[in-house]
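Novice: First the structure, then my questions, so here it is.
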Amino acid sequence: MEQKENCPVTQIQNIIAGKWKISILWYLNQQTRRFNELQRLLPNTSKGILTRHLRELEDDQMVHREVYKEVPPKVEYSLTPLGQSFIPILDSMDEWGKKNLQNKK
427 MEQKENCPVT QIQNIIAGKW KISILWYLNQ QTRRFNELQR LLPNTSKGIL TRHLRELEDD
487 QMVHREVYKE VPPKVEYSLT PLGQSFIPIL DSMDEWGKKN LQNKK
């Protein structure tokens, strides 16, 4: 099957491509989070990769970045309506994983 740029599956793949993006979306679905919270939840990712993934998700309109003009600066990340609309897919992935990957390591 030929992949085309306008294929919906290819477009979704381009949005969530990246080792940590699905996990970022999953954690942001639970609540709005600050960068350091996400870094603690994803201890195996570097600060640079996490920053890049968050920026890409923001560019793809999946994540909202709110900057508060305080000292020290406060930045929070949350899901946009588009990001929230992706959660049923993540829920399905969670259920599939629980059902089919329990004994795999």
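Counting from 427, one number per residue, gives the positions in the sequence shown under this note's numbering.
Glycine is no exception: its CB is placed at the ideal position from the N, C-alpha and C atoms.
Please look up how many angstroms separate the CB atoms of I448 and D486, rounded, as I've assumed it's under 8 Å.
Specialist: Not quite, the Cβ-Cβ distance comes to about 13 Å (not below 8 Å), so this is no contact.
Novice: Would you tell me roughly how many angstroms separate the C-alpha atoms of L451 and W522, rounded to the nearest one?
Specialist: 17 Å
Novice: Measuring only from the beta carbon, is P434 closer than 7 Å to any heavy atom that is part of the ligand MN?
Specialist: Among the ligands in the structure shown, none appear at all, so the ligand MN cannot be discussed.
Novice: Which of the three DSSP states, helix, strand or coil, is assigned to K524?
Specialist: DSSP, read as helix, strand or coil, puts K524 in helix.
Novice: Cβ of T471 within 8 Å of Cβ of W446?
Specialist: yes
Novice: Using 8 Å as the threshold, is the C-beta distance between G444 and E482 below it?
Specialist: yes
Novice: Looking at the unbroken beta strand (DSSP E) that takes in E502, where does it start and where does it end?
Specialist: K500 to L505
Novice: From this set, R460, N462, S504 and R466, which residue's C-alpha is nearest E484's C-alpha?
Specialist: S504
Novice: Give me the residue from Y453, R460 and Q437 with the minimum Cα distance to Y494.
Specialist: Residue R460 is the option with its Cα nearest to Y494.
Novice: Could you compute how far the alpha carbon of M427 sits from the alpha carbon of V435?
Specialist: The pLDDT assigned to M427 is 48, lower than 50, so where the model puts this residue is not dependable, and the model offers no usable value.
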